[in-house]
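Under our numbering, the sequence shown has 35 at position 47, and the numbering climbs by one with no breaks. The C-beta atom is built at its ideal place from N, Cα and C for all residues, glycine as well. Some notes on the structure that comes next.
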Amino acid sequence: MEKRDGGSQLAAIIESKRAEAEEVLADLLDLLRRAGVTLPSACLDRQERGFTGNVLLDLGRIRVDHARTLCGVLRSGLDAGGPA
């Protein structure tokens, strides 16, 4: 069924972008968990001010020891020739 009105098209775009963001967030959290880092309050941003074309991830708060572990993981990856 083709969506013709602008509202339905926008809703479909938003739904698609949010689904992609949910997949990326799940992947990120899985990788961080495997590295010993947890972000307990990470979620999709609710975008209360309307859709801007971008779905934001709210990574929330992190414990100091987990932030230190994350720094070590990032440093190791960069030192090994990862993206700079």
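Checklist entry - Within 10 angstroms of its Cβ, does L20 collect 16 or more other Cβ (buried), or is it exposed? => result For the purposes of this step, residue 20 is identified with residue 32 of the sequence shown, where counting begins at 1. Around the CB of L20, 16 or more other CB atoms lie within 10 Å, so the residue is classed as buried.
Checklist entry - Rounded to a whole number of angstroms, what is the C-alpha to C-alpha distance between H54 and Q(-3)? => result Within the sequence shown, residue 54 is the residue found at index 66, counting from 1. Within the sequence shown, residue -3 is the residue found at index 9, counting from 1. Approximately 41 angstroms between the Cα atoms of the pair.
Next on the checklist: Excluding the 5 residues flanking L13 on each side, which residues of the same chain have their C-beta closer than 6 angstroms to its C-beta?
Outcome noted: Residue mapping note: residue 13 aligns to position 25 of the sequence shown, counting from 1. L45, listed in sequence order.
Item to check | Three-state class that DSSP yields for L47 in the structure shown | outcome: For the purposes of this step, residue 47 is identified with residue 59 of the sequence shown, where counting begins at 1. Here L47 sits in coil by DSSP.
Item to check | Rounded straight-line distance, which links the Cα of I2 to that of V25 | outcome: Translated into the one-based positions of the sequence shown, residue 25 becomes position 37. Translated into the one-based positions of the sequence shown, residue 2 becomes position 14. Rounded to whole angstroms, V25 to I2 spans 30 angstroms at the Cα level.
Next on the checklist: Give me the DSSP bridge partner(s) of C105.
Outcome noted: No statement about residue 105 is possible, as the shown extent of the chain runs from -11 to 72 and does not include it.
Next on the checklist: Assuming G38 is part of the alpha helix (DSSP H), what are its boundary residues?
Outcome noted: To locate residue 38, count along the sequence shown from 1; it is residue 50. Counting along the chain, G38 falls outside any alpha helix (DSSP H), and DSSP gives it neither H nor E.
Item to check | Distance between beta carbons of S29 and R56, contact taken as under 8 angstroms | outcome: To locate residue 56, count along the sequence shown from 1; it is residue 68. To locate residue 29, count along the sequence shown from 1; it is residue 41. Wrong, their Cβ atoms sit about 18 angstroms apart, outside the cutoff.
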